[in-house]
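In the working numbering, the protein residues as written are 206 to 509. Beta carbons are placed, not taken as given, at the ideal position from N, Cα and C, and that holds for glycine. See below for the structure under consideration.
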């Protein structure tokens, strides 16, 4: 099955956002410049995938990842939409962080459903801080249209979490390498710089649990709340060679707010061995697409 694409512009808080919807070729489309006729997508998967963009980038994605993903999903029968936040790409408005795009996601879902009125269930798909934005949207909205979340290398960055990750996965490995010691001992200044870096990381990591006073509702806590409150299914895809993925695992294993979340029966966890943060090779991108489609098929089977 092939796919067709249609561009659209939709409103969000007084601004205009551009989007592109990829539909299976068998979907009934109106002439160019108009919305597809009511019923577009009927008889297909019944589930649409909204690709949430991580920043700062726009709807095509790094190495055309989002464009290629949307086309692959649509060709398999799953309509997919990608769009620009306010302030990014071709969208109006001021640039904003991933913590402040829930209105954009909601507007995109509304536009997606308007174009494809037969769709009743939606999945949010996001990489890095787009995965974080998806969880923050769930926590803020409790949108009943959502049946699944596909989260890739979620962003939970803090000074302390990054420091812990560096100590365990960088310094721990480097200290066992002969080349590291040879280069380190070749100059006094290099040795001092390395020691200072290790001490800074250790101090930052030690501060992570020492904050006095009432608990703060950080974006990581709100992400955890969204995950815990979500009644649908979650696909977690992690890169094998990515510090953001390692940092997420370290953080979720040590934070009380995240206790047990990754072990839920509603979570399917997949690691793409050797992959970098954006799954930049054809092989890694195909692995992500295959995993996403297999998971979507399982959701469809469950819904039936």
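query                                                                                                      : result
Reference residue 212, options 340, 228, 218, closest by Cα                                                : 228
Contact check, residue 334 vs residue 311, beta carbons under 9 Å                                          : no
With 16 other Cβ atoms within 10 Å as the buried cut-off, status of residue 451                            : buried
Test: residue 308 CB closer than 9 Å to a CB of chain C                                                    : Structure shown: chain C not included; a single protein chain is present.
Candidates 468, 433, 445: closest to residue 462 by CA position                                            : 433
Residues near residue 239 in its chain [Cβ-Cβ closer than 6 Å; skip 5 each side]                           : Its pLDDT being 45, under 50, residue 239 is placed unreliably by the model, and nothing is read from it.
Which of helix, strand or coil DSSP assigns to residue 230                                                 : coil
Contiguous alpha helix (DSSP H) assignments of at least 4 residues, all confined to the stretch 298 to 366 : 307 to 320, 334 to 346
Inter-residue spacing [alpha-carbon to alpha-carbon] between residue 258 and residue 424                   : 18 Å
Range of the contiguous alpha helix (DSSP H) that encloses residue 270                                     : 270 to 280
Best match in 428, 272, 357 for proximity to residue 346 [C-alpha to C-alpha]                              : 428
Residue 456 and residue 363 closer than 9 Å at C-beta                                                      : yes
Segment limits, alpha helix (DSSP H) that includes residue 441                                             : First-last for residue 441: 438 to 444, but that is the beta strand (DSSP E), not the alpha helix (DSSP H).
Any 3 or more C-beta pairs closer than 8 Å across the stretch 475 to 491 and the stretch 432 to 448        : yes
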